[in-house]
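Protein sequences appear in the order of chains Z and F.
Going left to right, the first sequence walks through residues 312 to 576 as this note's numbering numbers them.
Going left to right, the second sequence walks through residues 159 to 379 as this note's numbering numbers them.
From the three backbone atoms N, C-alpha and C, an ideal C-beta is built for every residue, glycine too.
The structure appears right after this line, and notes come after that.
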Amino acid sequence: MSDSRVLPGTPPWLRVRIDHRFGRGADGFHLRVSFEARAARTVVFGPSGSGKSSLLRAIAGLLEADAGSIELHGEPVWRRSAHHGGERNLPPENRRVGLVMQSPAVFPHLTVAGNVAFPLRGMEKSKQRERVLRLLQMVEADSLAERRPRELSGGQLQRVAIARTLAAEPRVLLLDEPFSALDANSRLRLSHNLQIWAREYRVPILAVTHNVEEAFASGDEVLTMEDGRVRAQGAPQDVLASERARLLLALGVTPQRQERTADNV
Amino acid sequence: MDTVALWLTLRLALVTTAILLVLGVPLAYWLAFTRSRWRTPVQAVCSLPIVLPPTVLGFYLLVGLGPGTAIGRGIAHLLGHPLAFSFAGLVVGSVLYSLPFAVQPLIAGFAAIDRSMLDAAATLGSGRLDRIRRVVLPLARGSLVTAAVLSFAHTVGEFGVVLMIGGNLPGATRTLSIALYDQVQDFQYAQANRTAIFLLAICLVALTLVYSRQRRGNDLV
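The following block contains the structure:
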């Protein structure tokens, strides 16, 4: 795993500065984040409603924030100042950002194979079939190729959505809790296959989760978010240890008892 | 039955339906997805023909596109004859008069599409036009059929606009509904009955088609 750790001096593949208000007054939500991602796998960890999904939507180009800038692999894809308005806004279809959302959004009018082939328009048919089959094998859904989405379970739909996103050959991959409908074993295998794919194609991943264990297991670097702000960024053991202590404290567990339980384990 | 009037009516309804689908899809798409402040007024104007007496629409078309205006003179120059009392005039009137019957079902169909489908298509590299072609239209195909059928039936059944713009010229502007009016004026009740039953049948078949599609539409996707 050490080969994918952050190397000193690596240029960031993602540079984000976003300032956006949803609604006004007391019901409003203020997303204000600024960070750089260098690690091959960066996990954004935070409670639901902390702005994680909005952050991913903004990077993908589906949400235009009030002000800020986004750079992918050094290329500015969006820039907007509060005073001068939009200066640059590459539309989502030209950003080559793969986004797997929590709701899989599998096209109901196409078969599973048709969905995975959606981004492969213009490719030779036999090549297309081969690519689709390989991706479906990777997410363990090759037996579903000719099925219609309405016949599939939530977990199966998530597998199809992942294969479809990879078919588009994104230059960065954003994952918004894409395994939420899968059982623990499938989740582990799929996450592993995805990491192999990402390493082979040198595609960095930014994944969102509200699960501490998942954040710990799948990230080279962790970024914690709360109330629309980044609270901390760093190695999982550093960032999540304090997060764990804070959570335990919030649950009323004192540090002494915490140590004792640690000894027992 | 007046077969000349029948063919004229069918030709008018087909041409009108085709034009309405071409115009209606982008218009309805805009109305379904825009956040512009022009949305409400535009939608109100598009729905006007539902409540407006057809004679009012016909009157303003006659005046607005007649030889008294620059547009009217331009059209007359292009066509070689004025718009009034011609098939082209009937088409213009029918398109405007049946506009809401094409646009309303399309708006409903487009608005019902899950936005996450469009977001997914965009991040998969599909541009705006490609998204309309490969995601929006296939998902709204039931609404496209409804829009086409209603436009066709409504055009077949129109009377006031045709009479105001087209008058009553056999082979040029005399449609079935006007032939029916003539037949009644001439006390030819047997003929009038045949024309009326035919018009009734077209409308009934059209509506049955629309409603059966809607029922099946529920378990289509």
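Secondary structure of residue 409 of chain Z (DSSP, three-state): strand.
Residue state for residue 188 of chain F is assigned as helix, using DSSP reduced to three classes. Contacts with chain F at 8 Å (Cβ-Cβ) include residue 409 of chain Z. Here the alpha carbons of residue 420 of chain Z and residue 244 of chain F stand approximately 43 Å from one another. Counting along the chain, no alpha helix (DSSP H) covers residue 375 of chain Z, and no H or E run does either.
Residues of chain Z with a Cβ closer than 9 Å to the Cβ of residue 226 of chain F do not exist; the shortest Cβ-Cβ separation is about 45 Å.
Counting along the chain, the unbroken alpha helix (DSSP H) around residue 233 of chain F starts and ends at 228-237. Close partners of residue 296 of chain F in chain Z (Cβ separation under 7 Å): 420. Take the alpha-carbon of residue 560 of chain Z and the one of residue 264 of chain F: they are about 55 Å apart. Interface annotation, residue 192 of chain F: not in contact with chain Z, CB-CB separation never under 8 Å. Residue 414 of chain Z reaches chain F at 274, counting residues in chain order whose Cβ is nearer than 7 Å.
At a cut-off of 8 Å between beta carbons, residue 455 of chain Z makes no contact with chain F.
Per DSSP, the unbroken beta strand (DSSP E) holding residue 392 of chain Z starts and ends at 386-392. Burial state of residue 433 of chain Z is exposed, judged by a 10 Å Cβ sphere holding fewer than 16 other Cβ atoms. In the structure shown, residue 353 of chain Z adopts extended strand secondary structure according to DSSP, grouped into three states. Annotated as distal: residue 533 of chain Z and residue 486 of chain Z, with beta-carbon spacing of 8 Å or more. Per DSSP, residue 434 of chain Z has no beta bridge partner at all. Residue burial is scored here from C-beta neighbours: residue 396 of chain Z has fewer than 16 other C-beta atoms within 10 angstroms and is therefore classed as exposed. Close to residue 404 of chain Z, with beta-carbon spacing below 7 Å, are these residues of chain F in chain order: 280, 283, 284, 285. From the listed residues Z/494, Z/529, Z/446, Z/550, the smallest Cα separation to residue 535 of chain Z is found for Z/550. With its beta carbon less than 8 Å from one in chain Z, residue 277 of chain F belongs to the interface. For residue 293 of chain F, the chain Z residues whose Cβ falls inside 7 Å of its Cβ are 418, in order along the chain. The alpha helix (DSSP H) runs lying completely inside the stretch 304-366 of chain F and spanning 4 residues or more are 318-324, 334-343, given in chain order. DSSP places residue 503 of chain Z in the uninterrupted alpha helix (DSSP H) bounded by 495-512. Burial is judged here by how many other beta carbons sit within 10 angstroms of a residue's own beta carbon; residue 393 of chain Z has fewer than 16 and is exposed. Between the alpha carbons of residue 552 of chain Z and residue 543 of chain Z lies a distance of about 12 Å.
Take residue 450 of chain Z, set aside five residues on each side of it, and the residues of its chain with a beta-carbon closer than 8 Å to its own are 470, 471, 473, 474, 501, 504, in chain order. Look at the beta carbons and you see the stretch 169-187 of chain F touching the stretch 302-316 of chain F: at least three pairs across the two are nearer than 8 Å. Residue 537 of chain Z and residue 362 of chain Z have their C-alpha atoms roughly 8 Å apart.
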